[in-house]
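So in the UniProt record's numbering, the last one in the sequence shown is 427, and the numbering has no gaps at all.
Glycine included, each C-beta is placed from N, C-alpha and C at the ideal position.
Remember, it's a predicted structure, so these values are computed and weren't measured experimentally.
Before any comments, here is the structure.
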Amino acid sequence: MTERPDIPPDRRRPSGGRGRGTPGRERRARFRGWPERPEGLLATDRPGPPRTPAPRHRRWLRAAALALTVAVLASAGWGWAVWTRLNHNIRSDSATERELEKYESERPPAGPPNAQNVLLIGSDNRGSGNEEYGADTGTQRSDTTILLHLAADRRSATAVSIPRDLMVQVPHCKRADGSESAPQTMQFNWAFAFGGAACAIRTVEKMSRIRVDHHIIVDFMGFKNMVDAVHGVQLCLARPIEDDEAHVSLPAGWQTLDGEAALGYVRARKSLGDGSDTQRMARQQQFLGALVKKVQSNGVLLNPMRLYPVMDAATSSLTTDAGLASLRGLYELVRSMRGIPTAQVQFLTVPRTEYRYDPNRDQLVQPDADRLFERLRNDQPVAVVPQPPAQAADDKAAGDRRGGRAAPTASSPPAFPGSTAEHGACQ
């Protein structure tokens, strides 16, 4: 090929034809002003124009996403820690479960599906922090026992108090020392003293033929802690209360009772009314109704910040059967009750009168008691009617503690004297 003199040497095509010498891509790059690429650099790796910083809103979104991720992980960790703490608080009464299994053939059959019967036992145990309420003798009795029936549709709850002095047939029960007591007629609270929760449950089942699905035991300190967890309960007192034995001193009128004052109020007996256990049970029912109303009105069950201290106090204060001895089991029980109107949370005492052999003891009134037990056993509604205070005060003197039972009509369930969580009364 003849070299053209009009073309500068650095622009002349090398000998050998097109494609020889400098590659075409590099040649075109030089023609377009691109620098030659280093050996091994791909065309896609060529330097581009300067990168502009991300807009401010994008940086904010990335920061927010990072913060949200950290918050979610922290919340999950905190939630797991809370769940573990509350779950480990609960004491499971496995000994009672094993004892009840021995007598399964003697127990009543289960009730209608989804209906539940829970036996609430208030122990007078003086140990485990309860020493200030009396000397610890190593024994405990059930000064307060309530059979709570939750309707299958969860539209009503009925709490039936069982008097501690009620004379009942207590079956043979295993004592703490391993010996066995003989079947005998005695006052109800001795069943718990002799054979613990298993004996108390079997006694209630024998008396009512109602299957007890769960049981909960709470002592003095546990009761105080739960009241304090909801920041006290408001009650109206018609007269001052001074009771050194119950450790309570309260003026008349509306009062917000903290845990200590509430415990004294539900325990007081000798300084109020006629000193009978009958009136004390009425005060306990009134207080429990006010407690239910306080929990529901404050939205405790729907507010995690308010629910946590209540669940913490409850789980650390209760002893339950294995079915409730987990946070899930206990919460599901409480959650199932949150939709029950306070007007349908009912409190009453099993129909009873003075024991024919001892006026200081009680016996069931029949057929009233059996009618009540049958309704609850079959998950049928019952109603309560208010008992006038004057009539309640005269019950003991009249020798009839039924309190003016209302006769049922064809369209209404049988009614018993009692109260609801919706309406409390000064007394």
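Counting along the chain, where does the alpha helix (DSSP H) carrying residue i start and finish?
i    : result
F223 : F220 to A229
A200 : N189 to S208
Y357 : Careful: Y357 lies outside any alpha helix (DSSP H) and carries neither H nor E.
G264 : G259 to R267
Which of helix, strand or coil does DSSP assign to residue i?
i    : result
G323 : coil
R91  : strand
R361 : strand
P417 : strand
A383 : strand
V334 : helix
G329 : helix
E422 : coil
D312 : helix
Q391 : With a pLDDT of 40 at Q391, under the threshold of 50, the modelled position of that residue is not reliable, and the figure given next carries that caveat. Residue state, collapsed to three classes: helix.
R98  : helix
A306 : A small correction: the amino acid at residue 306 is Arg; Ala does not occupy that position in the sequence shown. Reduced to three states, the DSSP call for R306 is helix.
Using CA coordinates, which residue listed in the options is at the minimum distance from residue i?
i    : options                   : result
G122 : A383, M207 and D219       : D219
W254 : V292, A151 and V233       : V233
A198 : E101, R306 and R91        : E101
Q184 : A176, D177, P171 and L291 : P171
E97  : I216, A268 and D277       : I216
Q344 : K206, H247, D228 and G418 : G418
P113 : N378, A383, V384 and A421 : N378
S208 : F192, W190 and V160       : V160
L148 : N117, R154, V382 and R175 : N117
G264 : T203, M281, A252 and D244 : D244
V384 : V365, P414 and R356       : P414
Q346 : R361, A314, V382 and A110 : V382
A115 : N189, V212, M186 and G259 : V212
R361 : A325, W190, E106 and S105 : W190
L327 : A261, A369 and V310       : V310
D368 : F416, T203 and D258       : F416
P341 : V292, A313, Q169 and S179 : V292
D93  : L150, T349, G323 and F287 : G323
R267 : P386, G289, A290 and E242 : E242
F188 : G111, A200 and L376       : A200
What are the boundary residues of the beta strand (DSSP E) that includes residue i?
i    : result
Q344 : Per DSSP, Q344 belongs to no beta strand (DSSP E) and is neither H nor E.
Q296 : Counting along the chain, Q296 falls outside any beta strand (DSSP E), though it belongs to the alpha helix (DSSP H) covering D277 to S297.
A157 : A157 to S161
E242 : I241 to D243
L372 : From DSSP, L372 is part of no beta strand (DSSP E) but of the alpha helix (DSSP H) over D368 to R377.
S249 : V248 to L250
L235 : V233 to L237
V170 : M167 to V170
Using 10 angstroms around the beta-carbon of residue i, count the other beta-carbons present and answer buried if the total reaches 16, otherwise exposed.
i           : result
K224        : buried
M226        : buried
G134        : Because G134 carries a pLDDT of 44, less than 50, the predicted location of this residue cannot be relied on, and no value is offered for it.
P163        : buried
A182        : exposed
S156        : buried
P359        : exposed
H88         : exposed
R283        : buried
M167        : buried
S317        : buried
P240        : exposed
S412        : exposed
H231        : exposed
T145        : buried
M221        : buried
S142        : buried
residue 437 : This structure cannot settle anything about residue 437, because the visible part of the chain is limited to 1 through 427.
D321        : buried
T420        : buried
Which residues share a DSSP beta bridge with residue i?
i    : result
Y103 : Looking at the DSSP assignment, Y103 forms no beta bridge with any residue, so it has no partner.
N117 : H149
S412 : Partner(s): none; S412 has no beta bridge.
M186 : V168
T144 : G122
G253 : L237
L318 : V218
E180 : K174
Is residue i near the ligand SAH - that is, is its Cβ less than 7 Å away from at least one heavy atom of it?
i    : result
A262 : The ligand SAH is not among the ligands present in this structure, which contains no ligands whatsoever.
8 Å is my cut-off, CB to CB: does residue i come that close to chain B?
i    : result
S249 : Although the question refers to chain B, the structure presented lacks it and comprises just one protein chain.
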